[in-house]
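The structure appears below as structure tokens.
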Amino acid sequence: MKTLTAGAVALVLALPAMAAGKPDLRDLPEIDDSMLWVALAIEISDRCPSIEPRTMRGLNYLWSIRSRAQALGYSTSEIKTYVDSDVEKARMRARGEAYVRAQGLNPRKDADLCKLGQAEIAKGSQIGAFLRLK
Numbered sequence: 003m004k005t006l007t008a009g010a011v012a013l014v015l016a017l018p019a020m021a022a023g024k025p026d027l028r029d030l031p032e033i034d035d036s037m038l039w040v041a042l043a044i045e046i047s048d049r050c051p052s053i054e055p056r057t058m059r060g061l062n063y064l065w066s067i068r069s070r071a072q073a074l075g076y077s078t079s080e081i082k083t084y085v086d087s088d089v090e091k092a093r094m095r096a097r098g099e100a101y102v103r104a105q106g107l108n109p110r111k112d113a114d115l116c117k118l119g120q121a122e123i124a125k126g127s128q129i130g131a132f133l134r135l136k
């Protein structure tokens, strides 16, 4: 019984160390930045009447992000928690607004989002790859 208890205690003590070995998805730029590009493209296409989304391209990209996260050892549950988190959604919105402002535009103005979308399409950025002019 002492061996079983000692083993259980060792496992419980090791869990935080094992979890610490894997950073939060938000801390992985290859995941978090990719999600930001998709979120910005969605926001632009939702608010700019002259731009539409490339839906299939966006969905395929989201599946590739999911596959990459799984390849890094994240479970479907961990990925879903990251994607569905209200805290993460608010953080992503703040990141998106900061990106728009960094381009000299106002994230609250639809016309500025249209300008951003047109610029991203013109330069062939990852955001622009998810968008097309109507």
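Going by the working numbering, the letters in the sequence shown line up with residues 3 to 136, in that order.
The beta-carbon is built from N, C-alpha and C at its ideal position, and this holds for glycine as well.
Secondary structure remark: continuous beta strand (DSSP E) runs of at least 3 residues inside the segment 38 to 77, in chain order: 53 to 55.
Comparing alpha carbon positions, the residue from 62, 40, 55 closest to residue 136 is 55. Assignment of residue 110 by DSSP, reduced to helix, strand and coil, places it in the coil class. Put simply, of 118, 126, 124, 127 the residue whose alpha carbon is nearest the alpha carbon of residue 45 is 118. Here residue 133 carries a strand assignment [DSSP, helix/strand/coil].
Its Cα nearest to that of residue 23, the residue 76 stands out among 37, 64, 49, 76. DSSP, read as helix, strand or coil, puts residue 82 in helix. In this chain, residue 26 is not harboured by any alpha helix (DSSP H), its DSSP state being neither H nor E. Between residue 63 and residue 28, the C-beta spacing is not below 8 Å.
Straight-line spacing of the CA atoms in residue 95 and residue 89 works out to 10 Å. When the Cα atoms are used, residue 40 and residue 34 turn out to be separated by approximately 10 Å.
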